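If you're matching them up, the sequences are chains A and B in order. Numbering-wise (the working numbering), the first sequence opens with residue 1 and increments by one. Numbering-wise (the working numbering), the second sequence opens with residue 1 and increments by one.
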Amino acid sequence: MLTDAHVHLWDEHSGVERPDEANATQLRYARRYDVRLCAFITGGRLHPGVEELPTVAEFTAANRALVRLQEQYPEYILPFAYVNPAYPDEAVREVVHCVKEYGFLGVKLLRSVRCSDSRLLPLAQVAGELGVPILQHAGTGPDVVRPGESTTEDLIALAQQCPQTNFIFGHVSGGGEWEWEIKALRPYANIYLDTSGSVREMGITEMMVREVGASRIVFGSDGSNCAALGRLWGAEISEEERRLIGYQNMARLLHLDGRGRP
Amino acid sequence: MIFDCHAYLGNYPFRPLCYNTGASLVELMDREGIDQAAVGSLNALYYRDVQAANEELAQEVTGRRDRLVPLATLNPAYPGCDHDFARCFGPLDMHGLVLCPTYHGYALDDPPALALMARAANQGLPVFLRVQVEDPRKQHRLVQVPNIPVEQIASAVRKLPQARFVLLDMGGEIAQLLELLDDQRNIYADFCRAEVFSYWDFSVGWLVEKLGADHILFGTGMPFNVPRISQVKLEALDLPPDDFARIAGENLAQLFKMR
Chain A
1 MLTDAHVHLW
11 DEHSGVERPD
21 EANATQLRYA
31 RRYDVRLCAF
41 ITGGRLHPGV
51 EELPTVAEFT
61 AANRALVRLQ
71 EQYPEYILPF
81 AYVNPAYPDE
91 AVREVVHCVK
101 EYGFLGVKLL
111 RSVRCSDSRL
121 LPLAQVAGEL
131 GVPILQHAGT
141 GPDVVRPGES
151 TTEDLIALAQ
161 QCPQTNFIFG
171 HVSGGGEWEW
181 EIKALRPYAN
191 IYLDTSGSVR
201 EMGITEMMVR
211 EVGASRIVFG
221 SDGSNCAALG
231 RLWGAEISEE
241 ERRLIGYQNM
251 ARLLHLDGRG
261 RP
Chain B
1 MIFDCHAYLG
11 NYPFRPLCYN
21 TGASLVELMD
31 REGIDQAAVG
41 SLNALYYRDV
51 QAANEELAQE
61 VTGRRDRLVP
71 LATLNPAYPG
81 CDHDFARCFG
91 PLDMHGLVLC
101 PTYHGYALDD
111 PPALALMARA
121 ANQGLPVFLR
131 VQVEDPRKQH
141 RLVQVPNIPV
151 EQIASAVRKL
161 PQARFVLLDM
171 GGEIAQLLEL
181 LDDQRNIYAD
191 FCRAEVFSYW
201 DFSVGWLVEK
211 LGADHILFGT
221 GMPFNVPRIS
231 QVKLEALDLP
241 PDDFARIAGE
251 NLAQLFKMR
């Protein structure tokens, strides 16, 4: 069994033409490889020229759509709440509601607000109090230039202010400078690194294990499912390290049982 | 039989590589269950005189030609290319031509490049195009290399119907290429950039549907890239046995047999 820390699912507002078919691809992957999907719907791609600035109504609707999907596929979906911290009070309320009312297990933040922005601090503190991790889209490199996009250093700044909150650095294999990201994140025990992304280069997983240790790495795909599986299964690491990355670390973070259930 | 159309030997300037010698690449292939690989030189991307890289490659595959099939990287914009061609496909006994126009500074449809590809085609040699080597998102700031423009590939394919083109590491832009071509029968594509469980239109399944299972090749980009990824994709496709065998290796073997 695997736990995938980084899975996009979709509704009619979230950027794919056929959301049902898109979701079906991820569920086929989950069934085939026995994967529990830490999933979120990042709604809000409705505003021309702005990629990810959902209104309160939009992120709330996206989370409710995820509740419905989770009810359909409870054995596979571990729901994460998606919010826009530009609305700090509403974002906190929505996360608390999703966790307490619907049993959501984490928070996903994308590119609405750089995570070093002070508006994000209350949300990060609440996540720590609730005991749910925050998966933050972040990276370092020439491609990390979009409005609201967080750098590695943005996440480090936030994590230092919220030592009781666990953060997951999204997609080390996502096209940023992975060597930089891994070395920069090494000192911060409350930042986990997710392996996801489409970059297929040899050595990424091995360097993560060598630099930060297997206990802070979590398996993720971010849509590059076979790339993610190949990087995990092909990595020159011990089987114990592979189990930690593939399941055990995320199970510990999300308080899952041996069958991948909360 | 697994026959990888997309492997390298040599060095990369911006990070150390493992398994990048002939002996160590064969070790990796043994571990990953890959029987044979068509190998080009990574050094040839960066050397001014690419023939020096071809000579090194020929040395590395010596004694391992049952596993490693050498490809000659040539630069039609550099002096002596005709002589290098004759040496690579004569005494060095290489089996395909590799072109890297965006690394070497010419357009794929420039007359010297077309003449070189025509010469290869006339000898039954497949032409491998390094459409992309490194993901542009993470290239070093000193070496920012674009992919081969789709329009140049289309132009070359149209002008050389007798050639057989292998597109290495090409992503979703292949859809644009196909739109520009009336006839795609001389195109073969490595599937390494496509995913199987894709929520976008571009996927390995899409490639198989558009080009046919007899025109898709198993490719990894090893040891630059993780070879297990392509193994996972091949297995996940759930192909009929005949199509599996074609993509896994028969198509590439057939390309080399036409020489």
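Yeah, the Cβ is synthetic: ideal placement off N, Cα and C, and Gly gets one too. Owing to the predicted nature of the structure, the values given are computational and were not obtained by experimental measurement.
Chain B within 8 Å of residue i, Cβ atoms only
i: A/ALA22; result: yes
i: A/ARG210; result: no
i: A/GLU179; result: yes
i: A/GLY115; result: Just to set this straight, residue 115 of chain A is Cys in the shown sequence, not Gly. No, A/CYS115 does not count as interfacial toward chain B.
i: A/VAL16; result: yes
i: A/GLY230; result: yes
i: A/GLY234; result: yes
i: A/GLY220; result: no
i: A/ASN225; result: yes
Chain A contact for residue i (CB, 8 Å cutoff)
i: B/ALA236; result: yes
i: B/PRO13; result: no
i: B/ILE229; result: yes
i: B/VAL232; result: yes
Host alpha helix (DSSP H) of residue i (start-end)
i: B/GLN51; result: 50 to 61
i: A/THR25; result: 19 to 33
i: B/GLN231; result: 227 to 236
i: B/PHE244; result: 241 to 245
i: A/GLY230; result: 225 to 234
i: A/ILE182; result: 178 to 185
i: A/LEU120; result: Looking at the DSSP string, A/LEU120 is not in any alpha helix (DSSP H), and its letter there is neither H nor E.
i: B/PRO112; result: 111 to 122
i: B/TYR103; result: 101 to 104
Within 8 Å, strictly: CB atoms of residue i and residue j
i: B/LEU177; j: B/HIS6; result: no
i: A/TYR188; j: A/ILE156; result: yes
i: A/ALA264; j: A/THR3; result: Because residue 264 of chain A is not part of the residues shown, which for chain A are 1 to 262, the question remains open.
i: A/LEU158; j: A/SER116; result: yes
i: A/TYR82; j: A/THR55; result: no
i: A/GLY103; j: A/PHE80; result: no
i: B/ASN186; j: B/PHE165; result: yes
i: A/GLY170; j: A/ALA138; result: yes
i: B/VAL133; j: B/LEU252; result: no
i: B/TYR8; j: B/VAL39; result: yes
i: B/VAL26; j: B/ARG65; result: no
i: A/THR205; j: A/ARG231; result: yes
i: A/CYS98; j: B/VAL196; result: no
i: A/LEU69; j: A/LEU121; result: no
i: B/LEU99; j: B/LEU129; result: yes
i: B/GLN36; j: B/VAL69; result: yes
i: B/ALA53; j: B/GLY96; result: no
Interface residues of chain B facing residue i [CB-CB closer than 8 Å]
i: A/ARG28; result: PHE197
i: A/THR25; result: PHE197, SER198, TYR199
Boundaries of the beta strand (DSSP E) in which residue i is found, first to last residue
i: B/CYS5; result: 3 to 9
i: A/LYS100; result: Here A/LYS100 belongs to no beta strand (DSSP E); instead the alpha helix (DSSP H) covers 88 to 102.
i: B/ALA44; result: No beta strand (DSSP E) holds B/ALA44; DSSP gives it neither H nor E.
i: B/LEU129; result: 127 to 130
i: A/GLY139; result: 134 to 139
Contact set between residue i and chain A, taken where Cβ atoms lie within less than 8 Å
i: B/GLY221; result: ARG200
i: B/CYS18; result: MET202, GLY203
Coarse secondary structure for residue i, derived from DSSP in three states
i: B/ARG137; result: helix
i: B/ARG65; result: coil
i: B/PRO70; result: strand
i: A/GLY170; result: strand
i: A/ALA159; result: helix
i: B/LEU167; result: strand
i: B/HIS215; result: helix
i: B/ILE148; result: coil
i: A/ARG146; result: coil
i: B/LEU92; result: coil
i: B/GLN176; result: helix
i: B/TYR78; result: coil
i: A/PRO79; result: strand
i: B/PHE256; result: helix
i: A/ARG216; result: helix
i: A/GLY128; result: helix
i: A/GLU52; result: coil
Within chain A, partners of residue i - CB distance below 9 Å
i: B/PHE224; result: ARG200, GLU201, MET202
i: B/ASP135; result: GLY175, SER198, VAL199, ARG200, GLU201
i: B/ARG262; result: The displayed coordinates of chain B run from 1 to 259. Any statement about residue 262 of chain B would go beyond what the structure contains.
i: B/VAL69; result: Chain A residues near B/VAL69: none, gap ~21 Å exceeds 9 Å.
Partner residues on chain A for residue i, Cβ-Cβ distance less than 7 Å
i: B/LYS210; result: Within 7 Å Cβ-Cβ: nothing; B/LYS210 doesn't reach chain A, min ~18 Å.
Interface partners of residue i on chain B, CB under 9 Å
i: A/ASP143; result: PRO136, ARG137, LYS138
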